[in-house]
Each structure stands twice: as structure tokens, then as C-alpha cells.
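Numbering (UniProt numbering), first residue to last: 1 to 83.
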């Protein structure tokens with residue numbers, strides 16, 4: 001058995017970097033603890049994301065605001081709020 005070391009790093013698989021999007025908003029009046037769901041309105045070409053998929057769940061803060069991400073930028077989303 002022979003082992004050959006050429007000092008080179010093994011090849012790295014290519015990848016693409018893309019900017020993600022963040023969704024920010026608030027409820028009025030400002031209520032803490034409101035459940036926020038973000039749902040895909042279409043399919044993504046970058047991931048296995050289908051129309052109607054739940055992509056993010058969070059809650060509003062004490063000032064009624066929320067934010068979430070990063071999300072894929074090649075589709076649209078809808079935001080639902082529940083208390």
C-alpha cells in the first residue's frame with residue numbers, strides 16, 4: 001500500500017451565495033406575544049420551498065414588532081398574525 005501526499009487541499013464543491021431577505025413589521029395596537037407566521041406564496045428555485053409552506057414562526061416583542069430571516073429572495077411571502 002502506498003500513500004501519496006501532494007500537499008493540495010481536496011476539491012471543494014462549488015456553491016452560490018445569494019442575499020437573503022428579512023421580513024419586519026409590527027401589529028397595532030402594540031401587543032406583545034402575538035404569533036406571527038410567514039408563508040411562501042410561490043415556489044423557490046433555490047430550495048425545496050413550495051407554495052403554502054410555513055417558512056418562519058415568531059412572536060411580537062413588547063413593542064408589537066417582529067422580524068425574521070434570512071428568507072429566499074426568489075419568491076414572495078405573506079405574513080399572518082394570531083393572538
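Glycine included, C-beta positions come from ideal geometry on N, C-alpha and C.
Since the model is a prediction, treat every value here as computed from it, not as a measurement.
Is it buried or exposed, residue i, if we count other Cβ atoms within 10 angstroms and call 16 or more buried?
i          : result
residue 12 : exposed
residue 54 : exposed
residue 4  : exposed
residue 71 : buried
residue 40 : buried
What whole-angstrom Cβ distance do residue i and residue j have, given they're in contact under 8 Å?
i          : j          : result
residue 21 : residue 69 : 6 Å
Relative to the C-alpha of residue i, which candidate in the options has its C-alpha closest?
i          : options           : result
residue 36 : 61, 7 and 48      : 61
residue 82 : 58, 63 and 74     : 58
residue 33 : 65, 18, 50 and 16 : 65
Would you say residue i and residue j are within 8 Å of each other, going by their C-beta atoms?
i          : j          : result
residue 23 : residue 67 : yes
residue 25 : residue 79 : yes
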